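Q: Take a look at this one; I'll ask things after.
Numbering (my numbering), first residue to last: 87 to 211.
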């Protein structure tokens with residue numbers, strides 16, 4: 087079916103996404119790449135808790151590869167949550183070769199970073 091939003095939902099979302107207490111803007115250098123953006127995100131202090139790629143800037147990587155790059159780049163979390171090709175929520179833990187279904191993970195939310203790719207930024211909450 088189609089999404090039906092309650093009156094005022096769009097305004098509340100825009101208000102939240104433009105609130106400087108919630109969202110920060112970080113200019114990038116000329117010649118940036120998807121990898122350099124991921125490395126900037128991983129190095130940010132205090133650490134960010136999510137990357138919402140509404141502009142589809144992170145290209146050339148699978149979501150699992152994005153999770154691995156973030157973890158390898160010093161992200162101070164134990165794991166990265168992402169959606170697999172089928173839209174299922176998965177979690178890749180530092181030092182583990184394969185992701186697991188998020189529903190099967192006992193890692194507390196405060197120890198997880200979340201990557202929202204452009205395709206899955208709407209409807210996952």
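All C-beta atoms, glycine included, are put in the ideal place defined by N, C-alpha and C.
None of these values were measured; they are calculated from a predicted model.
Are there 16 or more other CB atoms within 10 angstroms of the CB of residue 176, so buried, or fewer, so exposed?
A: Here the question's residue 176 lines up with position 90 in the chain shown. Residue 176 comes out buried.
Q: Ignoring anything shorter than 3 residues, give me the beta strand (DSSP E) runs that lie fully in the segment 90-141, in order along the chain.
A: Runs of the beta strand (DSSP E) inside the segment 90-141: 136-138.
Q: Would you mind working out which of 131, 207, 197, 107 sits nearest residue 173, comparing C-alpha positions?
A: The count along the chain shown starts at 1 and reaches residue 173 at position 87. Of the candidates 131, 207, 197, 107, the one whose C-alpha sits nearest the C-alpha of residue 173 is 207.
Q: Assuming contact is defined by CB atoms lying nearer than 7 angstroms, are residue 193 and residue 185 in contact in what I supplied?
A: In the chain shown, the residue the question calls residue 193 occupies position 107. In the chain shown, the residue the question calls residue 185 occupies position 99. Cβ distance not < 7 angstroms, so residue 193 and residue 185 don't count as in contact.
Q: Buried or exposed, going by whether 16 or more other CB atoms sit within 10 Å of the CB of residue 129?
A: For this step, residue 129 is matched to residue 43 along the chain shown. Exposed: under 16 other Cβ atoms inside 10 Å.
Q: So what does DSSP say about residue 196, is it helix, strand or coil?
A: To locate residue 196, count along the chain shown from 1; it is residue 110. Residue 196 falls in the helix class under three-state DSSP.
Q: Report yes if the CB atom of residue 201 is closer than 7 angstroms to the CB atom of residue 137, and no otherwise.
A: As a position in the chain shown, residue 201 is number 115, starting the count at 1. As a position in the chain shown, residue 137 is number 51, starting the count at 1. Yes, the pair counts as a contact, with Cβ atoms nearer than the cut-off.
Q: For the beta strand (DSSP E) that residue 218 lies in, which residues bound it at each end?
A: Missing from the structure shown is residue 218; the chain here goes from 87 to 211 and no further.
Q: For residue 181, which option in 190, 142, 163, 188 has the closest C-alpha, if you only look at C-alpha atoms?
A: Within the chain shown, numbered from 1, the residue matching residue 181 stands at position 95. It is 163 whose Cα lies nearest to the Cα of residue 181.
Q: Which residues does DSSP list as the beta-bridge partners of residue 143?
A: Counting from one through the chain shown, the residue named residue 143 turns up at place 57. According to DSSP, which records beta bridges pairwise, residue 143 is partnered with nothing at all.
Q: Quick one: grab the DSSP three-state call for residue 177.
A: Walking along the chain shown from the start, residue 177 turns up at place 91. In this structure, residue 177 counts as strand in the three-state DSSP scheme.
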